[in-house]
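What follows is a set of notes on a single structure, which appears directly below.
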Ligand SMILES: Nc1ncnc2c1ncn2[C@@H]1O[C@H](COP(=O)(O)OP(=O)(O)O)[C@@H](O)[C@H]1O
Ligand SMILES: [Mg+2]
């Protein structure tokens, strides 16, 4: 049974011309867990993973797998298996031929081709040209390539995109079982809801920066506090909140304020001489999702 | 097995697992074979009919001793774009279909991938050459013999020419690899190969027959270098005597030089860039 090794990002930075795709990202991904690498489209996830895999040269910093950069791995597929976003295959080659070429090039026993085709459920279609494959079948083929060397580390970029509900269920339990076997599993997604049932740890990026890392539970704790408040003189209270720079939303039950504890709101109202008729912290219905959206900013809602 | 041997096997499997190689091979063999048969037949018919008005010992102005070599060398003088296309496609298809991602994941030392492509294209170029020569020698010799012209198959010079022609086709394979990595756009590379071999170089070489400085430059053109290496060509036969030529070994070195130059520039630029 292959055992996982940690992935480490040390101040990884990538600039494409004038675009800061990834800025000074430092993080460690540990074996035995599923780590979600989350952030909206354009946050820099794919670029970060490509730097880890030696496909993109970092402007600064480095990313290592068990202490080695990718190009120094002797038989890389035996250590790391990767499936990148929009996995690319020559349309004229069948799944089997694609995997055979990879097995030959990476010095993996070609007998593994049938094993991984079976593992991802593609055996039946393996002799068809990839040109005729659906997005879901391509995702499965990408995953098969990642599994070819039975690696201890798996790096999967948006593997759930394009899968049908059954496929999503299947990949969730598959990722879990890989981590339970002691492997390192890093899986990116732009949708928290897609992976929240699967991941143990999260790394959240927005605009190229790491904005949160920790357990899934730790994410909920970062959720911005929300308070429902009201006053007999509502316009006066709104004025106070505006002066404090707090986002306020008028609703039927009162004013919903985010980003401040009740104490701060009470104090500001008191100092301004505004009487409060209501001051109640709100329980969040979807704490995780809110926390995620708050962290990644407005564009995360896309 | 070393990483290089593994990369070489992968490169060979890549080419053989798509249709392109045999499409190009069929085009090559059919094209040069038909031309060889047609020209051998034409020259043979001229040589035996009363219509041949050249000096004695010539056919259509071509010395008899040159007839067979020129016909056999159609494999290279006309067929050389095909191994070059195969070589360039082996690189440009990786860019076009974004397969550099899996390729560099399997073999992260990129220079090794390029070296493997070189080795595979040298071998496949030589095999293309051998197939083309089977066609031109087979059909050409049959055509010449039918009219009583000597196909010179018993002479060692003929076999040396055949050997050099195989070498030239192997070199064209790696010139294609170099061009592909220099110009990774698939359409761009194909257009360059076709435009250069079908229009630009023939025009320059024709001009070289009349203008001195053009002749100096012209013999260093890749097609001219290739013809010099092989030692016979329909082009040099047409402009007989007027355009100067390199020695056969100089031609080989010039052709190899193009392949190395293109490959090195490409390796330092497009091949090293980010794969996104
Ligand atoms: N080859 C490239 N050239 C220029 N900009 C790029 C390139 N690749 C990615 N980018 C930019 O880098 C940023 C991060 O992109 P990406 O890593 O693909 O994000 P994600 O995978 O999180 O959606 C985006 O602004 C994107 O436009
Ligand atoms: Mg992405």
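Chains as they are written, first to last, in our numbering: chain A, 707 to 1008; chain B, 3 to 278. Built from N, CA and C at the ideal position, the CB exists for glycine as well.
**Report entry** C-alpha distance - residue 124(B) paired with residue 85(B), whole-angstrom precision
**Finding:** Start at 1 with the first residue of the second chain, and residue 124(B) comes out as number 122. Start at 1 with the first residue of the second chain, and residue 85(B) comes out as number 83. Straight-line Cα distance between these residues: approximately 9 Å.
Requested in this report: Say yes only if the C-beta of residue 751(A) is nearer than 8 Å to one or more non-hydrogen atoms of ligand 2, and no if none qualify.
Outcome: As a position in the first chain, residue 751(A) is number 45, starting the count at 1. True, at least one ligand heavy atom lies under 8 Å from that Cβ.
Requested in this report: For residue 734(A), count neighbouring Cβ atoms within 10 angstroms of its own Cβ and tell me buried if that reaches 16, exposed if not.
Outcome: Here the question's residue 734(A) lines up with position 28 in the first chain. Classification of residue 734(A): exposed, given that the 10 Å Cβ count is below 16.
Requested in this report: Identify every run of the alpha helix (DSSP H) within the stretch 147-185 of chain B, keeping only runs that are complete inside it and at least 4 residues long; order them along the chain.
Outcome: 158-184
Query raised in the report: Just checking, does the stretch 69-85 of chain B make contact with the stretch 135-155 of chain B on the three C-beta pairs under 8 Å criterion?
Result: yes
Report task. Can you tell me the Cβ-Cβ gap for residue 754(A) and residue 771(A), rounded? I've got them flagged as a contact below 8 Å. Result -> The residue you call residue 754(A) lines up with position 48 of the first chain. The residue you call residue 771(A) lines up with position 65 of the first chain. No, residue 754(A) and residue 771(A) are not in contact; Cβ-Cβ is about 13 Å, not under 8 Å.
Requested in this report: Indicate the three-state DSSP secondary structure (helix, strand or coil) for residue 265(B) in the structure shown.
Outcome: Stepping through the second chain from its first residue, residue 265(B) is reached at position 263. The answer is helix: DSSP assigns residue 265(B) an H, G or I state.
Requested in this report: Could you tell me which chain A residues have their CB closer than 9 Å to the CB of residue 6(B), listed as they occur along the chain?
Outcome: Residue numbering aside, residue 6(B) sits at position 4 when the second chain is read from its first letter. Simply none; closest approach about 11 Å.
Requested in this report: Mind reading off the beta-carbon distance from residue 1001(A) to residue 905(A)? Whole number of angstroms is fine, and I expect it under 8 Å.
Outcome: Translated into the one-based positions of the first chain, residue 1001(A) becomes position 295. Translated into the one-based positions of the first chain, residue 905(A) becomes position 199. Between residue 905(A) and residue 1001(A) the Cβ distance is about 15 Å, and since that is not below 8 Å, they are no contact.
Query raised in the report: Can you name, in chain order, every residue of its own chain whose Cβ lies under 7 Å from the Cβ of residue 959(A), other than the five neighbours on each side?
Result: Indexing the first chain from 1 puts residue 959(A) at position 253. So the qualifying residues of the chain are 934.
Query raised in the report: Whole alpha helix (DSSP H) runs in the stretch 913-990 of chain A with 4 or more residues, listed along the chain?
Result: 922-927, 940-950 and 968-978
Requested in this report: Consider the Cβ of residue 807(A): report whether some Cβ of chain B lies at a distance smaller than 9 Å.
Outcome: Here residue 807(A) refers to the residue found at position 101 of the first chain. Interface residue, yes.
Query raised in the report: Would the C-beta of residue 746(A) count as close to ligand 4, meaning under 8 Å from any of its heavy atoms?
Result: Ligand 4 is absent from the structure shown, which contains only ligand 1 and ligand 2.
Query - Partner residues on chain B for residue 794(A), Cβ-Cβ distance less than 9 Å - result: Here the question's residue 794(A) lines up with position 88 in the first chain. Residues of chain B passing the Cβ test: 99, 100, 101, 102, 103 and 104.
**Report entry** Amino acids of chain A, ordered along the chain, whose beta-carbon sits closer than 8 Å to that of residue 277(B)
**Finding:** Here the question's residue 277(B) lines up with position 275 in the second chain. Result: 756, 761 and 762.
Requested in this report: Report yes if the C-beta of residue 863(A) is less than 8 Å from at least one heavy atom of ligand 1; otherwise report no.
Outcome: Sequence index remark: in the first chain, residue 863(A) carries index 157 (1-based). Yes; taking the cut-off as 8 Å, the Cβ of residue 863(A) has a heavy atom of ligand 1 nearer than that.
Query raised in the report: For the stretch 834-850 of chain A, which residues have a CB atom closer than 7 Å to at least one CB atom of chain B, in sequence order?
Result: none
Report task. Output yes if chain B places a C-beta closer than 9 Å to the C-beta of residue 868(A); else output no. Result -> Within the first chain, the letter at position 162 stands for residue 868(A). Not one chain B Cβ lies under 9 Å of residue 868(A).
Report task. Determine the contact status of residue 232(B) and residue 163(B), defining contact as a CB-CB distance below 9 Å. Result -> In the second chain, residue 232(B) corresponds to position 230, counting from 1. In the second chain, residue 163(B) corresponds to position 161, counting from 1. Yes, the Cβ-Cβ distance between residue 232(B) and residue 163(B) is below 9 Å.
Query raised in the report: What residue from 965(A), 940(A) and 942(A) has the CA that sits closest to residue 952(A)'s CA?
Result: Within the first chain, residue 952(A) is the residue found at index 246, counting from 1. If we check each option's Cα against that of residue 952(A), 965(A) comes out closest.
Query raised in the report: Using the rule of at least 16 other Cβ atoms within 10 Å of the residue's Cβ for burial, across every protein chain shown, is residue 777(A) buried or exposed?
Result: Against the first chain, residue 777(A) aligns to sequence position 71. The residue is exposed, with fewer than 16 neighbouring Cβ atoms inside 10 Å.
Requested in this report: Please report the residue range of the alpha helix (DSSP H) in which residue 73(B) lies.
Outcome: Here residue 73(B) refers to the residue found at position 71 of the second chain. Note, residue 73(B): alpha helix (DSSP H), 66-74.
Query raised in the report: So what's residue 725(A) in DSSP terms, helix, strand or just coil?
Result: Numbered from 1 along the first chain, position 19 holds the residue referred to as residue 725(A). In the structure shown, residue 725(A) sits in a strand (DSSP, three-state: E or B).
Requested in this report: Classify residue 795(A) as helix, strand or coil using the three-state DSSP reduction.
Outcome: In the first chain, the residue the question calls residue 795(A) occupies position 89. If DSSP states are grouped into helix, strand and coil, residue 795(A) belongs with coil.
Requested in this report: Please classify residue 720(A): does DSSP put it in a helix, a strand, or coil?
Outcome: If you number the first chain from 1, residue 720(A) lands on position 14. Strand.
Requested in this report: Note down, in chain order, each residue of its chain lying with its Cβ closer than 6 Å to the Cβ of residue 172(B), except the 5 sequence neighbours on either side.
Outcome: The residue you call residue 172(B) lines up with position 170 of the second chain. Excluding positions up to five away in sequence, the list reads 124, 127 and 128.
Query raised in the report: Just reading off the alpha helix (DSSP H) that residue 848(A) is part of, what are its end residues?
Result: Numbered from 1 along the first chain, position 142 holds the residue referred to as residue 848(A). Where residue 848(A) is concerned, the enclosing alpha helix (DSSP H) stretches over 841-853.
Query - Closer than 9 Å at the beta carbon, the chain B residues around residue 783(A) - result: As a position in the first chain, residue 783(A) is number 77, starting the count at 1. Correct list: 107 and 108.
Query raised in the report: Mind checking whether the beta-carbon of residue 754(A) lies closer than 8 Å to any heavy atom of ligand 1?
Result: Along the first chain, read from residue 1 onward, the residue named residue 754(A) stands at position 48. Result yes, Cβ under 8 Å from ligand 1.
Query raised in the report: Hey, is residue 918(A) close to ligand 2, as in C-beta under 8 Å from one of its heavy atoms?
Result: Against the first chain, residue 918(A) aligns to sequence position 212. Every heavy atom of ligand 2 is 8 Å or more from the Cβ of residue 918(A), so no.
Query raised in the report: Using a Cβ-Cβ cut-off of 6 Å (strictly less than) and excluding sequence neighbours within five positions of residue 42(B), which residues of its own chain qualify?
Result: The sequence position of residue 42(B) within the second chain is 40, counting from 1. Result list for residue 42(B): 73, 142, 145 and 146, in chain order.
**Report entry** Under 9 Å between C-beta atoms of residue 768(A) and residue 716(A)
**Finding:** As a working note, residue 768(A) is residue 62 in the first chain. As a working note, residue 716(A) is residue 10 in the first chain. Yes, the Cβ-Cβ distance between residue 768(A) and residue 716(A) is below 9 Å.
Query - residue 970(A) at chain B interface by Cβ criterion, 9 Å - result: As a position in the first chain, residue 970(A) is number 264, starting the count at 1. For residue 970(A), the answer is no, since every Cβ of chain B falls outside 9 Å of its Cβ.
Report task. Can you grab the Cα-Cα spacing for the pair residue 727(A) / residue 750(A), in whole Å? Result -> Against the first chain, residue 727(A) aligns to sequence position 21. Against the first chain, residue 750(A) aligns to sequence position 44. Distance between the alpha carbons of residue 727(A) and residue 750(A): 5 Å.
Query - Pairwise C-alpha distance: residue 779(A) and residue 804(A) - result: Indexing the first chain from 1 puts residue 804(A) at position 98. Indexing the first chain from 1 puts residue 779(A) at position 73. Each residue's alpha carbon lies about 22 Å from the other.
**Report entry** Cα-Cα separation, residue 925(A) to residue 996(A)
**Finding:** As a first step, residue 925(A) must be located in the first chain, where it is residue number 219. As a first step, residue 996(A) must be located in the first chain, where it is residue number 290. Distance between the alpha carbons of residue 925(A) and residue 996(A): 10 Å.
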